[in-house]
Every structure is written in C-alpha cells, then in structure tokens.
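Have a look at the structure below, then the notes.
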Amino acid sequence: MSRIKELEAEIKRLRQREKQLLENMKIFRQIFSHLHAQFEELKKEVQKR
Amino acid sequence: MWGNIRLKAVMIGVFLIISMQISMVLAVTINPAEYTIKDPKKGEEYSVVITAINPDSGKYQLSAEIDKDSAYLKDFVKIEPSTLELAPDSKENIRLKMFISDQLSPQNHNLKIIFRANNIPVGKFILHFALEGEQITRFALKDFSVDAASNKEPIYFNMKIENTGNIIVSAIPKIEIFRKEKLIGSLGNETSITLFPGKTTNLSLMYDPGDLKEDGKYLARASLIHEGDTKTSLEQTFVLDIREDRADKTIEISQGELLEIEENIKNLEEGLSFYRITWNIGDMSSTLEGETDEKEKIVPIVINTSQLQPGTYDLDVIINHGLRLEKKTVKHYSIKISKKSRSLDILKNILIILVPLIIMVIAGTRYIPKIYSTKISRIDRLFMDVKDIKKSFDRIDHEVVSMRHDMTRFIRESNAWIRHNIGKDIGFR
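Here the protein sequences come in this chain order: A and B. Counted the way my numbering counts, the first sequence spans residues -15 to 33. Counted the way my numbering counts, the second sequence spans residues 40 to 468.
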C-alpha cells in the first residue's frame, strides 16, 4: 500500500511538472512568434526603403 | 476660462520657439549643391570640398550622412568630418572622398549626401559620375512558391530575384492569378524594387483572396517587368479550399480530453523524405518535424485541449513533405468539445462503489475481499496515469525538438537575410 501511495505522489509531482513545462512552452511559443513577427516587420521595412 | 487662455498662451509660445529654431537653422547653407566627376578612372579616389556656412549668431551641430538611395556606395565613400560644430558666423570645410572601385557597375551613379543642423535637414550635396562599360541587364527569378490554404487567410507569393547582370536596375514584380486559363486577379505591378548586381533579393507578396470564390486549383504567374518589358516569369499552381463546410472529418471529445488524430504521409521519394506538420486550433498551434524513408508514415498528433472551452473549433493541419518540403496537403477537422458531464462522473463513482458490492452479493459465500478489488482499481488507475504521463512527456519531448528546429532555422535564415541586406555580421547567435 505504501508503495502505491509513493507512486501516486510521484504521479502528482509529474503532473505538476507537465503543467509547468506546457506553460513554459506556451511562453516560448509566444516569444518566438513575437520575434518572428518583429523580424518580418523589419524585412518589410527594409524592402520598402 | 483663465486656464484656457493660459493653455493657448503656452501653445503659442511653444510654436514661436519652434518657428524661431527652424528659421535659425535654415540659415545654414551648403555649397556647392552638386558636382560631376568628369571621366572617372577605376581604382582612383576623387576628393570634393563642400563648405557649410553659418551666417547666424547661434552655433550648430552639423552632420553629413549618405542618403538611403545611395547606401550601396557607402563602402567607397569617406566624409571628413561627418559631424562638426559650426560656430556663430563661421564656415567649415568638409572633404568628401569617393573611391571608384572595380566593383561599381558601368552606369550613372549619384551619391547623395544629406546635411542636418541640430538634426533638421538644411541641405544636400549630389556627386554625379558615370562609369563606362558594357551594360548587361539580366535577372533570374527563382524558387517561386505559393502559401495558400483557403480564401479566409492571406495568400503569400514568395520568390527570389537574382540580378545576374552587371548594373543596378529597378524592376517591378507582378503576380497574375489564373483560374481555368482565365486571368482573375493580379498584384504588384506598381512598386519597383532595386536590384544590385550579383545579389539575390527575397520577396514575399501578400494577397487578399476574398475575391477568389471557386474551390480548387489556381495558377499563379510571377513576372519581372523592366522598362515596360516582361523579362522573366515563372508559374506555380496552388489549391484553395473554400468550401463552407471545410471539415474533412468531425471529431467529438469532452472538455479536457486529449485530442488524438493520425496523419498519413506518403513518401514519393526513392529514399529519405522530410515532413513538417503544422496544426492550429483556437489560439493554439504547433509544428512537428521529422524524416522518413518508409513509403508511408503515420504520424500521431496529440493535442491537449484543456485550455479550450466547450464549443466547435476548426482544426487546420498543414502537411509539407518531400525532399525540400515542397509538397503540401491541407486537412480540416471540425472539433466539437462538449462540457465535461458531472452526472457521468457521479454515475461512474456510483458504479465503482456498486460493482464490488454486486460482485460480493452474487459471490455469496465465495467472499471477495474488498481490499483486493480496491487495490486492483488503484493499480489500474496508476497504470493508466503512468501511460498518460508517458504519452504527454513524449509529446512535450517531440515539441521541444520541433521548437529547437524552428529556432535554429529562424536564426540561420535571419542571419543570412541580415548578412545579405544589411551586409554586416550582426545577426543572432
């Protein structure tokens, strides 16, 4: 029984880690898409000139 | 009322100060306004002295810089000094040195220098010189591709233009769109772009496809027009999916459930082929990348929908595959996310309690220990949780690899672009 409890606690920790990773990935994607958009803007600006 | 008058007085004061500044700055003059180098020789440097005169009683910070239209000459020009202080009622000489390099094209060149006093333009100087030689006007249009999915999203026409001649030219890019050999739309044809010899320019033109009403195949023709003549053109077909009900398949899941679909990629190459799958649903999107040497590859896509509220969503999946990811397939799914049913949860809990009880009743004398059944369900649940977590971590792993690829590609492409267009190694590391 105690082994099951340990495993359940471990799963709970992993779930939190998963949530954190998903959150970090979401932030990374937002920053990356922002960077991408900024660079496209720069390209357009340079092309216009 | 007094507040109003005071505000007006302050505004008039500010206006007067600005007007005085401008009129004072405009007093600075640049002499001469232009000069022509007669019979310039390659490999030689020519010097011109330009005088800035300040007849005013105020001092000015004067700066001289190359105009953006002459920026291509910047490596061969020296302005000494390029900034200086103009004392009241004085004049200063600025020496402009122009080196006639072998790299300069055989045509007329105009070097334009802009002078600013206290950051306000006060004059310009133009240095004209003409280089003799045989002029070759030649372009190459390359890698014409079309990014199109439906008439609800903009279409991007991408191409590379290489100036393979030896002179700087202005050319006008033009895109024509045909449906069943009939011209139905065009873009470009107005703004010209400057092409430098030996350089490649990447161009991406955006088109609003709102007026493309028919579903299916279209043909796009990209052309370059120089002095009224079409010099070169390339064609590319693209497919627009504009059905109202665009969904290839409808999938129903309940809120928070993982959305799992499988995409079948056919490898038409002899050996290795690459694929890139981009999906988007709601505000979420992601890209998966990989390679395969199998004839058919089934790629599972697992999407965590916990951030999506109940409702109907469009899931668009764009699959690029082939050796240069040149083949494209677009799939549309309609995803119906229903509310997580509380009554179902309650029913499940009731069943979890009732079933062992019923088994116990049926078993009668053959008593099934309660602890045993509880243990089984907990272990089962643990097993399911472990499987679920493994799946989720595998997906995260896959996405991190894909994000790393995206980032690396972005850094590589943007560095190449910066090197090419700005000419300095100042890109991302």
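Note that the Cβ used here is the ideal one computed from N, Cα and C, for glycine as well.
Margin query: On the CB-based measure, 16 or more other CB atoms within 10 Å of its CB, does residue 18 of chain A come out buried or exposed?
Written below: One-based indexing of the first sequence puts residue 18 of chain A at position 34. Residue 18 of chain A should be labelled exposed.
Next item on the list: Verify the CB distance criterion: does residue 417 of chain B have a CB-CB separation below 8 angstroms to chain A?
Entry: What you label residue 417 of chain B is simply residue 378 of the second sequence in a count that begins at 1. Under the Cβ distance rule, residue 417 of chain B counts among the residues neighbouring chain A, one pair being separated by less than 8 angstroms.
Notebook entry, point to check: With burial defined as no fewer than 16 other Cβ atoms inside 10 Å of the residue's Cβ, what is the status of residue 72 of chain B: buried or exposed?
Noted result: Translated into positions along the second sequence, residue 72 of chain B becomes position 33. Residue environment for residue 72 of chain B: exposed (fewer than 16 other C-beta atoms within 10 angstroms of its C-beta).
Notebook entry, point to check: Got a sec: is the Cβ-Cβ distance from residue 318 of chain B to anything in chain A below 8 angstroms?
Noted result: As a working mapping, residue 318 of chain B is identified with position 279 in the second sequence. By this cut-off, residue 318 of chain B is not an interface position.
Next item on the list: Measure from the alpha carbon of residue 115 of chain B to the alpha carbon of each residue in B:126, B:355, B:150, then state which is nearest.
Entry: Position 76 of the second sequence, counted from the first residue, corresponds to residue 115 of chain B. It is B:150 whose Cα lies nearest to the Cα of residue 115 of chain B.
Next item on the list: Give the straight-line distance between the Cα atoms of residue 232 of chain B and residue 112 of chain B, rounded to the nearest whole angstrom.
Entry: For this step, residue 232 of chain B is matched to residue 193 along the second sequence. For this step, residue 112 of chain B is matched to residue 73 along the second sequence. Take the alpha-carbon of residue 232 of chain B and the one of residue 112 of chain B: they are about 17 angstroms apart.
Check: With distances taken from CA atoms, which of B:239, B:340, B:343, B:307 is nearest residue 360 of chain B?
Finding: Your numbering for residue 360 of chain B matches position 321 in the second sequence. Of the listed residues, the one whose Cα sits closest to residue 360 of chain B is B:307.
Check: If we call anything under 8 angstroms between Cβ atoms a contact, is residue 189 of chain B one with residue 280 of chain B?
Finding: Reading the second sequence from its first residue, position 150 is the one you call residue 189 of chain B. Reading the second sequence from its first residue, position 241 is the one you call residue 280 of chain B. Result yes, Cβ atoms of residue 189 of chain B and residue 280 of chain B sit closer than 8 angstroms.
Notebook entry, point to check: Listing by chain order, which chain B residues have their CB less than 8 angstroms from the CB of residue 25 of chain A?
Noted result: Here residue 25 of chain A is taken as the residue at index 41 of the first sequence, counted from 1. Against residue 25 of chain A, chain B offers no close residue; the least beta-carbon distance is about 12 angstroms (beta-carbon pairs closer than 8 angstroms).
Next item on the list: Evaluate residue 21 of chain A with the Cβ neighbour count: other Cβ atoms within 10 Å of its Cβ, from every protein chain shown; 16 or more gives buried, anything less gives exposed.
Entry: By one-based count along the first sequence, residue 21 of chain A stands at place 37. Classification of residue 21 of chain A: exposed, given that the 10 Å Cβ count is below 16.
Note to self: Please list, in chain order, the chain B residues whose beta carbon lies closer than 8 angstroms to that of residue -5 of chain A.
What the structure shows: For the purposes of this step, residue -5 of chain A is identified with residue 11 of the first sequence, where counting begins at 1. Those within 8 angstroms of residue -5 of chain A in chain B are 421, 424, 425, 428.
Notebook entry, point to check: Fully enclosed by the region 94 to 120 of chain B, which alpha helix (DSSP H) runs are 4 residues long or longer?
Noted result: Qualifying alpha helix (DSSP H) stretches: none in this window.
Check: Is any beta-carbon of chain B found at less than 8 angstroms from that of residue -8 of chain A?
Finding: Walking along the first sequence from the start, residue -8 of chain A turns up at place 8. Taking Cβ atoms only, chain B reaches closer than 8 angstroms to residue -8 of chain A, which makes this a yes.
Item checked: Terminal residues of the beta strand (DSSP E) in which residue 475 of chain B lies -> Since the first residue shown for chain B is 40 and the last is 468, residue 475 of chain B is missing from the structure and cannot be characterised.
Next item on the list: In angstroms with no decimal places, state the Cα-to-Cα distance between residue -12 of chain A and residue -2 of chain A.
Entry: As a working mapping, residue -12 of chain A is identified with position 4 in the first sequence. As a working mapping, residue -2 of chain A is identified with position 14 in the first sequence. Distance between the alpha carbons of residue -12 of chain A and residue -2 of chain A: 15 angstroms.
Note to self: Looking at the secondary structure, which residues open and close the alpha helix (DSSP H) in which residue 66 of chain B lies?
What the structure shows: If you number the second sequence from 1, residue 66 of chain B lands on position 27. Per DSSP, residue 66 of chain B is not a residue of any alpha helix (DSSP H), being assigned neither H nor E.
Next item on the list: Would you mind stating whether residue 319 of chain B and residue 355 of chain B have Cβ atoms separated by less than 8 angstroms?
Entry: Reading the second sequence from its first residue, position 280 is the one you call residue 319 of chain B. Reading the second sequence from its first residue, position 316 is the one you call residue 355 of chain B. Result yes, Cβ atoms of residue 319 of chain B and residue 355 of chain B sit closer than 8 angstroms.
Margin query: Can you give me the C-alpha to C-alpha distance between residue 106 of chain B and residue 153 of chain B, rounded to a whole angstrom?
Written below: As a position in the second sequence, residue 106 of chain B is number 67, starting the count at 1. As a position in the second sequence, residue 153 of chain B is number 114, starting the count at 1. Rounded to whole angstroms, the separation of the alpha carbons of residue 153 of chain B and residue 106 of chain B is 6 angstroms.
Notebook entry, point to check: Nearest CA to the CA of residue 174 of chain B: which residue from B:122, B:236, B:186?
Noted result: Residue numbering aside, residue 174 of chain B sits at position 135 when the second sequence is read from its first letter. Checked all of B:122, B:236, B:186; the closest Cα to residue 174 of chain B is B:236.
Check: Between the region 89 to 103 of chain B and the region 122 to 134 of chain B, do at least 3 Cβ pairs fall closer than 8 angstroms?
Finding: These segments touch.
Next item on the list: Tell me, please, whether the CB atom of residue -13 of chain A is closer than 8 angstroms to any CB atom in chain B?
Entry: Taking the first sequence and counting its residues from 1, the one referred to as residue -13 of chain A is at position 3. With 8 angstroms as the cut-off, residue -13 of chain A does not count as an interface residue toward chain B.
Margin query: Using the three-state DSSP reduction, which class does residue 344 of chain B fall into: helix, strand or coil?
Written below: Taking the first residue of the second sequence as 1, we reach residue 344 of chain B at position 305. Of the three classes helix, strand and coil, the one that applies to residue 344 of chain B here is coil, per DSSP.
Notebook entry, point to check: For residue 238 of chain B, which residues from the same chain have a beta carbon less than 8 angstroms from its beta carbon, with the 5 sequence-adjacent residues on both sides left out?
Noted result: Working through the second sequence from its first residue, we reach residue 238 of chain B at position 199. Counting only Cβ-Cβ distances below 8 angstroms, and skipping sequence neighbours, we find 201, 202, 459.
Notebook entry, point to check: Comparing alpha-carbon positions, which option in B:423, B:344, B:85 lies nearest residue 378 of chain B?
Noted result: Working through the second sequence from its first residue, we reach residue 378 of chain B at position 339. Nearest neighbour of residue 378 of chain B by Cα position, chosen from B:423, B:344, B:85, turns out to be B:344.
Notebook entry, point to check: Hey, does residue 18 of chain A have any beta-carbon neighbour from chain B nearer than 8 angstroms?
Noted result: Here the question's residue 18 of chain A lines up with position 34 in the first sequence. For residue 18 of chain A, the answer is no, since every Cβ of chain B falls outside 8 angstroms of its Cβ.
Checklist line | Per-residue contacts from residue 438 of chain B into chain A (C-beta, under 8 angstroms) | finding: Position 399 of the second sequence holds residue 438 of chain B. For residue 438 of chain B, the C-beta contacts it makes with chain A under 8 angstroms involve 9, in order along the chain.
Notebook entry, point to check: At what residues does the alpha helix (DSSP H) containing residue 21 of chain A begin and finish?
Noted result: As a first step, residue 21 of chain A must be located in the first sequence, where it is residue number 37. DSSP places residue 21 of chain A in the uninterrupted alpha helix (DSSP H) bounded by -14 to 32.
Next item on the list: Assign residue 82 of chain B to one of three DSSP states: helix, strand, or coil.
Entry: The sequence position of residue 82 of chain B within the second sequence is 43, counting from 1. Of the three classes helix, strand and coil, the one that applies to residue 82 of chain B here is coil, per DSSP.
Check: What residues of chain B sit near residue 2 of chain A, judged by a beta carbon separation below 8 angstroms?
Finding: Mapped onto the first sequence, residue 2 of chain A falls at position 18. Under a criterion of Cβ atoms nearer than 8 angstroms, the residues of chain B adjacent to residue 2 of chain A are, in order, 428, 431, 432, 435.
Next item on the list: Assign residue 440 of chain B to one of two classes, buried (16 or more other C-beta atoms within 10 Å of its C-beta) or exposed (fewer than that).
Entry: Sequence index remark: in the second sequence, residue 440 of chain B carries index 401 (1-based). Exposed, because fewer than 16 other Cβ atoms sit within 10 Å of the Cβ of residue 440 of chain B.
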